[in-house]
Structure formats: structure tokens, C-alpha cells
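Participant:
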Amino acid sequence: MSTVNASGWRPEMGQSDVMAAETYTGNRALMLEEALIFEIGDSHTTGVDFDPAPKVQSRLGGLERNREIGLPGLSEPETVRHYTRLSRQNYAIDLGLFPLGSCTMKHNPRLNEKVARMKGFIDVHPLQPQETVQGALQVINELAHWLIDLTGMHGVAMSPKAGAHGELCGILAIKAALDARGEDRPVILVPESAHGTNPATAAFAGFSVENIPATPEGRVDVAALKARLGPDVAGVMITNPNTCGLFERDLKVISDAVHAAGGYVYCDGANFNAIVGRVRPGDLGVDAMHINLHKTFSTPHGGGGPGSGPVVLSEALAPYGPIPFVAKLPDGSFKLVEEEDATAMQPETFGRMTAFHGQMGMFTRALSYIMSHGADGLRQVAEDAVLNANYVLRSLEGTLEAPFGASGPCMHEALFTDNGLAEGFSTLDVAKGLIDEGYHPMTVYFPLVVHGAMLVEPTETESKAALDQFIGALRSVANRAKQGDPSLKSAPHHAPRRRLDETLAARKPMLVWKEADLSVAAE
Ligand SMILES: *Cc1c(COP(=O)(O)O)cnc(C)c1O
Numbered sequence: 001m002s003t004v005n006a007s008g009w010r011p012e013m014g015q016s017d018v019m020a021a022e023t024y025t026g027n028r029a030l031m032l033e034e035a036l037i038f039e040i041g042d043s044h045t046t047g048v049d050f051d052p053a054p055k056v057q058s059r060l061g062g063l064e065r066n067r068e069i070g071l072p073g074l075s076e077p078e079t080v081r082h083y084t085r086l087s088r089q090n091y092a093i094d095l096g097l098f099p100l101g102s103c104t105m106k107h108n109p110r111l112n113e114k115v116a117r118m119k120g121f122i123d124v125h126p127l128q129p130q131e132t133v134q135g136a137l138q139v140i141n142e143l144a145h146w147l148i149d150l151t152g153m154h155g156v157a158m159s160p161k162a163g164a165h166g167e168l169c170g171i172l173a174i175k176a177a178l179d180a181r182g183e184d185r186p187v188i189l190v191p192e193s194a195h196g197t198n199p200a201t202a203a204f205a206g207f208s209v210e211n212i213p214a215t216p217e218g219r220v221d222v223a224a225l226k227a228r229l230g231p232d233v234a235g236v237m238i239t240n241p242n243t244c245g246l247f248e249r250d251l252k253v254i255s256d257a258v259h260a261a262g263g264y265v266y267c268d269g270a271n272f273n274a275i276v277g278r279v280r281p282g283d284l285g286v287d288a289m290h291i292n293l294h295k296t297f298s299t300p301h302g303g304g305g306p307g308s309g310p311v312v313l314s315e316a317l318a319p320y321g322p323i324p325f326v327a328k329l330p331d332g333s334f335k336l337v338e339e340e341d342a343t344a345m346q347p348e349t350f351g352r353m354t355a356f357h358g359q360m361g362m363f364t365r366a367l368s369y370i371m372s373h374g375a376d377g378l379r380q381v382a383e384d385a386v387l388n389a390n391y392v393l394r395s396l397e398g399t400l401e402a403p404f405g406a407s408g409p410c411m412h413e414a415l416f417t418d419n420g421l422a423e424g425f426s427t428l429d430v431a432k433g434l435i436d437e438g439y440h441p442m443t444v445y446f447p448l449v450v451h452g453a454m455l456v457e458p459t460e461t462e463s464k465a466a467l468d469q470f471i472g473a474l475r476s477v478a479n480r481a482k483q484g485d486p487s488l489k490s491a492p493h494h495a496p497r498r499r500l501d502e503t504l505a506a507r508k509p510m511l512v513w514k515e516a517d518l519s520v521a522a523e
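Numbering-wise (full-length UniProt numbering), the sequence shown opens with residue 1 and increments by one.
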């Protein structure tokens, strides 16, 4: 159980020394402490009463468990309270502005939820006979067409389950296309400002990754990239708009050069929210691009929940895309094309990435979002997202340094550095101070191309009042860091936990509960 500290107050203390007393429970009004389920539960408590299991002849050949499994049990009301309390320690887009850069944490319209819960969608099972899920297949097909139209591409693989999974899909398609040409090109070029998943994906697919530097204005150094192209280069992975919040204006020039050198262009489309309805990546020579439905098209994300990362493909790469996929047959019906149909319908496919086709709940939400906005509404989404980010960028002028402020307006996110903070104060202190103000911190120390990066993506779903309050909070915390307010060094003060050793937590995560460890810690 959590330890309860004695009150910090002593009779000899003056009025100014009076601190809020520690509580008996460790709770602070509505902020409720919660122990691990292993600490509060035991294997003999249960929320349901079953009759004892009948004796059966074991067919496990002596492999059956011969001791208690030791899982903690709670009654139903205790279970409900445990998880509800935990959920309240979480920050969520439904609570407030979530300024995490390169994440597009926007409001998830409730209309999407209503559609996703419609009777015909909610209970579909991936192993149902196809003639019983024609409506679901039609939804996937319709969404696929929207994504193709919005990106100006030739085809789309709907099965990848997240952005990073989509990257892998695109890179595997490039690999298959090169194999078909009989070419061994072992290198993928990745600009410095790329999202970390880009080099990780290329390396995971067996390529060696080479960095391309950024220009002082935060964009890909085209001359350096062109100089590196050659017969060993499979392609490039470029994020556009990039993670400095800037549009890569030279993408068409880059694509032409890469194609002329026999390579392919992968575009990381996670930031599509900034350009949807305004720019078609297909017009810029992109061969493959993932779209995060959970970012641009407002399906919920975070916390490891389901995402969806469809990959749009150029005419050159589409034949190599994965199975299964949905095809519309001449008689108007829909077919999920699987392995057994591949020889006839997708002979050059690189294969299968997932057990089942895709995230039905994300597809229905994304299509609901797209259809409720329409083409003109989607364009306005991009325009408002960019407007809001520029409002944040300009409002903090004089407070935080914008490294590429001189490069003109930003796209969907505003980038700042730690330049100007007092000696000994860092981006981390500003982030922790924001927690006390009731905000999830912005993305910090990413992108790597600037010192102490703070990346703020407000998205289009925030009102001016919400932006003004956030800007006021960030300005206040940044000014404390500039003036060297010592209390900021130990922030957060009002969160369920103080400042934690995040490096230790990342390097030595304690993921397994051991009774012995806790009894030592409690002594
Ligand atoms: C979010 C993001 C990704 C990864 O997408 P996931 O869905 O989280 O796997 C890749 N690149 C960029 C630029 C992103 O912002």
C-alpha cells in the first residue's frame, strides 16, 4: 500500500510555513491514490460465483498447472473503482488541449462513435462468410476511394494497423519492386528531421540507413540528397510536412531526382492533417505514403489502442501491395482478396502483414468523419490546423525562441528551442511545469535538429479561447524557466506523482510484479 507521511506542520512553524497537511489516505480530495491490483486483490476474492468445475479426464498429458496461478481477484465494485481511479490519473483529449507535436491529438467527433456502434458494424467478425459482411467490405472500399482521391495516388493498402506498420508496408512494397527488377539496392536515405520510425522501419526491413542533412531553414538539403543518389539507393523516406512543422517545397524536385536514379519515394504522411484537401502527394511524385486514420481522420488514439495506417501506393508500387484487400467485382459485390485468389488478382504481392484485414472500427469512424466534412470541410480542417499553429507560434514570440521563425509561417505545428532559459533550466522543466497547469506536455527533445526542442501541435479543433489559455500557461511557465524559479526544478507539484526518473524507468522498466520486491520497498 502507499505509505502515508506524517503532516509536515509543527506548532512552532509560522503562518508562512504552513503546508497542506498530508492526508491519512494519501488521497488529495478528488485526486485518489490507487495501489497496484496485486496489492489490493487476492486470489481468493472474485466478482462472480461459479459452481465447482466438474471432474474431467485431463487431456493435457501431465502438462496441466499444478499450483495456483496467483492472479489477484477483486469484487465487482472494487474492480470498477480500481480501473476508474486509474483512468482518472490519465490525461485525455476529452479533458483538455493535448499539444503533443507530430501526433495530431484532435477531438474525436461523437458522430463517429455513433456510426461505429451501428448494429451492422459493431459485431462483424473477421471469419464471417463474405456474403454476410458485404456492407462492411463496401465501407472499406469507399474509404479506400476517398484516400486515393485525397492523395492523388493509384491504389491503397488498407490492412496496416498503424503509421509505423504502414511504413513497413511501403518499404516492403519498394523491396518487392526492386526484387522484381532484379536489383539489389541496400541503402535508404532518411533526412535528419525524419520521425524516428522512418530509420527504424528501413533498418527493420534490412536496409542500411544514411542520413541526409537539413538546411539551416529546416528543410531537406536537396543538393546533399542528389549527391548521394546512385545505383545502391533504394529510395528516400521523407516526412511532409516535416517534423520542424515546415512544408518540404522541393519534394517534386527530390522525387524527380530519385526516380531518375532508379529509386522510390516514401512519404511519411502522418502530418497529412496540415495539407489534406490542399495538396495531393501523388502530384509530388510520391510512390508510397501512410495515412494515420487516428491522426488526420480523428479516430481515437493513444494508450496503445487500435490505430490504422493505410498506405497509398503509386502505379509503380501498387502491384506489390499486400493481401488481403477489398475488390469490387463486375456484378457489384465486394470480395476480400486472400492468398488463394492472389495468383489471379495480385500475382506480385509481397504477401500478408496481418492476420485479419484491418481495424473495422477505425474505418467506420474515419469514413464517418470524411463524409461529415466533405471535400471542402477537409480542406478547411487543414487551413484551420495551420492557422492555429501559427497563432501559437506568433503569440509566443519574445517568450520562446522559434528556430525557423524566419523561414516563414509554419504548417500544423510550432517548434521552439530552449535558448534563453536560465542557466540550469531545460525543456524538461518547462514540460513538467505545464503538467501543474493541467496540460499534457508538448513533444520534447524532438525533432533532434534543434536544441531542447518543444513541438506544439494544437490542431484545428481548439477554439481561440482554449488556445489563449494554453498560450498563457506556456508563457507563464517559460518565463519562470527564464527567470530561474527554483520551484520549477521540482515540478510537477500538483500531479499524482512528483518528478520521476524517466531514464531509469525507460532503461530498467519494472514490468513484473514481485511480492518480495515490494515487501523490501515497504520496510
Ligand atoms: C505518429 C507518427 C508516426 C507513427 O505512427 P503510429 O501510428 O504511431 O505508428 C510516424 N511518423 C510521424 C511523422 C508521426 O507523427
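Glycine residues also receive a C-beta, built at the ideal position from the N, C-alpha and C atoms.
Quick caveat: nothing in here was measured; it's all calculated off a predicted structure.
1) Quick check on the contact list: which residues have their beta carbon closer than 5 Å to a heavy atom of ligand 1?
2) For the UniProt domain "Aminotransferase class V" (192–302), list the alpha helix (DSSP H) runs that are entirely contained and at least 4 residues long, ordered along the chain.
3) Are the segment 384–398 and the segment 439–450 in contact at 8 Å, needing three or more beta carbon pairs?
4) Measure the alpha-carbon distance for C103 versus D179 and round it to whole angstroms.
5) Taking just the CA atoms, how far does H294 sit from G321?
6) Is M455 helix, strand or coil by DSSP?
7) Tell whether a beta-carbon distance below 8 Å holds between S314 and Q359.
8) Here's the rule I'm using: 16 or more other beta-carbon atoms within 10 Å means buried, otherwise exposed. How should I69 be labelled?
9) Taking the alpha helix (DSSP H) that K514 falls in, what are its first and last residues?
10) Shortest alpha-carbon distance to R475 belongs to which of L400, A466, E383, E113?
11) Ignoring anything shorter than 3 residues or poking outside the segment 131–181, list the beta strand (DSSP E) runs there in chain order.
12) Could you give the C-beta distance for P281 and M153, rounded to a whole number, given that I count them as a contact under 8 Å?
13) Which residue wins for smallest C-alpha separation from K114, given the options R365, T343, K432?
14) Which two residues bound the contiguous beta strand (DSSP E) that contains V326?
15) Does A505 come out as helix, strand or coil in the three-state DSSP assignment?
16) To the nearest angstrom, report how far apart C244 and V253 are at their CA atoms.
17) Going by C-alpha to C-alpha distance, which of G263, D468, E502 sits closest to Q99?
18) Classify E401 as helix, strand or coil using the three-state DSSP reduction.
19) Are the CB atoms of T197 and G170 nearer to each other than 8 Å?
20) Secondary structure at V80, three-state DSSP: helix, strand or coil?
21) Judging by CA-CA distance, which residue of A116, P54, G26, P186 is the nearest neighbour of S368?
22) Using 10 angstroms around the beta-carbon of K508, count the other beta-carbons present and answer buried if the total reaches 16, otherwise exposed.
23) Which of the three DSSP states, helix, strand or coil, is assigned to K55?
24) Between A453, T417, E397, which lies nearest to I471 when the distance is taken from Cα to Cα?
25) Taking three-plus beta-carbon pairs below 8 Å as touching, is the segment 124–137 in contact with the segment 249–263?
26) State the CB to CB distance for the pair M345 and A327, rounded to an integer number of angstroms; the pair is presumed to be in contact (CB under 8 Å).
27) Is the segment 257–276 in contact with the segment 233–241, if contact means three or more CB pairs nearer than 8 Å?
28) When burial is assigned at 16 or more other CB atoms within 10 Å of the CB, is Y83 buried or exposed?
29) Please determine, among P231, D232, P213, the residue with the shortest C-alpha to C-alpha distance to L225.
30) Return the bridge partner residues of K464 from the DSSP annotation.
31) Hey, L317 and A173 are a contact pair by Cβ (cut 8 Å); roughly how many whole angstroms apart?
32) Assuming contact is defined by CB atoms lying nearer than 8 Å, are F334 and Q134 in contact in what I supplied?
33) Pick helix, strand or coil for P386, following the three-state DSSP scheme.
34) To the nearest angstrom, report how far apart A495 and A194 are at their CA atoms.
Facilitator: In short, the structure shows the following:
1) S102, A162, G163, A164, H195, T197, T239, D268, A270, N292, G307
2) 197–204, 222–228, 251–260
3) no
4) Reading the sequence shown from its first residue, position 103 is the one you call residue 103. Reading the sequence shown from its first residue, position 179 is the one you call residue 179. Taking the straight line from one Cα to the other gives about 34 Å.
5) As a first step, residue 321 must be located in the sequence shown, where it is residue number 321. As a first step, residue 294 must be located in the sequence shown, where it is residue number 294. Each residue's Cα considered, the two are about 22 Å apart.
6) In the sequence shown, counting from the first residue as 1, residue 455 sits at position 455. The sequence given here places Leu at residue 455; Met does not occur at that position. Strand at L455.
7) Looking up residue 314 in the sequence shown gives position 314. Looking up residue 359 in the sequence shown gives position 359. No. Outside cutoff.
8) The count along the sequence shown starts at 1 and reaches residue 69 at position 69. Exposed, by the Cβ-count rule.
9) To locate residue 514, count along the sequence shown from 1; it is residue 514. No alpha helix (DSSP H) contains K514, which DSSP labels as neither H nor E.
10) Position 475 of the sequence shown, counting from 1, holds the residue named residue 475. Of the candidates L400, A466, E383, E113, the one whose C-alpha sits nearest the C-alpha of R475 is L400.
11) 155–157
12) The count along the sequence shown starts at 1 and reaches residue 281 at position 281. The count along the sequence shown starts at 1 and reaches residue 153 at position 153. Sure, about 7 Å apart at Cβ, within 8 Å.
13) In the sequence shown, residue 114 corresponds to position 114, counting from 1. For the residues R365, T343, K432, the minimum Cα distance to K114 belongs to R365.
14) As a first step, residue 326 must be located in the sequence shown, where it is residue number 326. Looking at the DSSP string, the run of the beta strand (DSSP E) that includes V326 is 325–328.
15) In the sequence shown, counting from the first residue as 1, residue 505 sits at position 505. It is helical.
16) By one-based count along the sequence shown, residue 244 stands at place 244. By one-based count along the sequence shown, residue 253 stands at place 253. So the alpha carbons of these two residues sit roughly 20 Å apart.
17) Position 99 of the sequence shown, counted from the start, is the residue given in the question as residue 99. Here residue 99 turns out to be Pro, not Gln, going by the sequence shown. Comparing Cα-Cα distances from P99 to each of G263, D468, E502, the minimum goes to D468.
18) Here residue 401 corresponds to residue number 401 of the sequence shown, with the count starting at 1. Correct three-state label for E401: strand.
19) For the purposes of this step, residue 197 is identified with residue 197 of the sequence shown, where counting begins at 1. For the purposes of this step, residue 170 is identified with residue 170 of the sequence shown, where counting begins at 1. No.
20) The count along the sequence shown starts at 1 and reaches residue 80 at position 80. Helix.
21) Taking the first residue of the sequence shown as 1, we reach residue 368 at position 368. Checked all of A116, P54, G26, P186; the closest Cα to S368 is A116.
22) The sequence position of residue 508 within the sequence shown is 508, counting from 1. That one is exposed.
23) The count along the sequence shown starts at 1 and reaches residue 55 at position 55. Note: K55 maps to coil in three-state DSSP.
24) Locating residue 471 in the sequence shown gives position 471, counting from the first residue. Answer by Cα proximity: E397.
25) no
26) Indexing the sequence shown from 1 puts residue 345 at position 345. Indexing the sequence shown from 1 puts residue 327 at position 327. With 8 Å as the limit, M345 and A327 qualify as a contact, their Cβ atoms being about 7 Å apart.
27) yes
28) Within the sequence shown, residue 83 is the residue found at index 83, counting from 1. Counting Cβ neighbours within 10 Å, Y83 comes out exposed, since fewer than 16 surround it.
29) Residue numbering aside, residue 225 sits at position 225 when the sequence shown is read from its first letter. Looking at the Cα atoms, P213 is the closest of the given residues.
30) Taking the first residue of the sequence shown as position 1, residue 464 is located at position 464. BP columns for K464 are empty, so no partner.
31) Along the sequence shown, one-based indexing puts residue 317 at 317. Along the sequence shown, one-based indexing puts residue 173 at 173. That pair is a contact at about 5 Å.
32) Position 334 of the sequence shown, counted from the start, is the residue given in the question as residue 334. Position 134 of the sequence shown, counted from the start, is the residue given in the question as residue 134. Yes, they are a contact pair.
33) Taking the sequence shown and counting its residues from 1, one reaches residue 386 at position 386. Checking the sequence, you will find Val at residue 386 rather than Pro. V386 falls in the helix class under three-state DSSP.
34) Within the sequence shown, the letter at position 495 stands for residue 495. Within the sequence shown, the letter at position 194 stands for residue 194. So the alpha carbons of these two residues sit roughly 33 Å apart.
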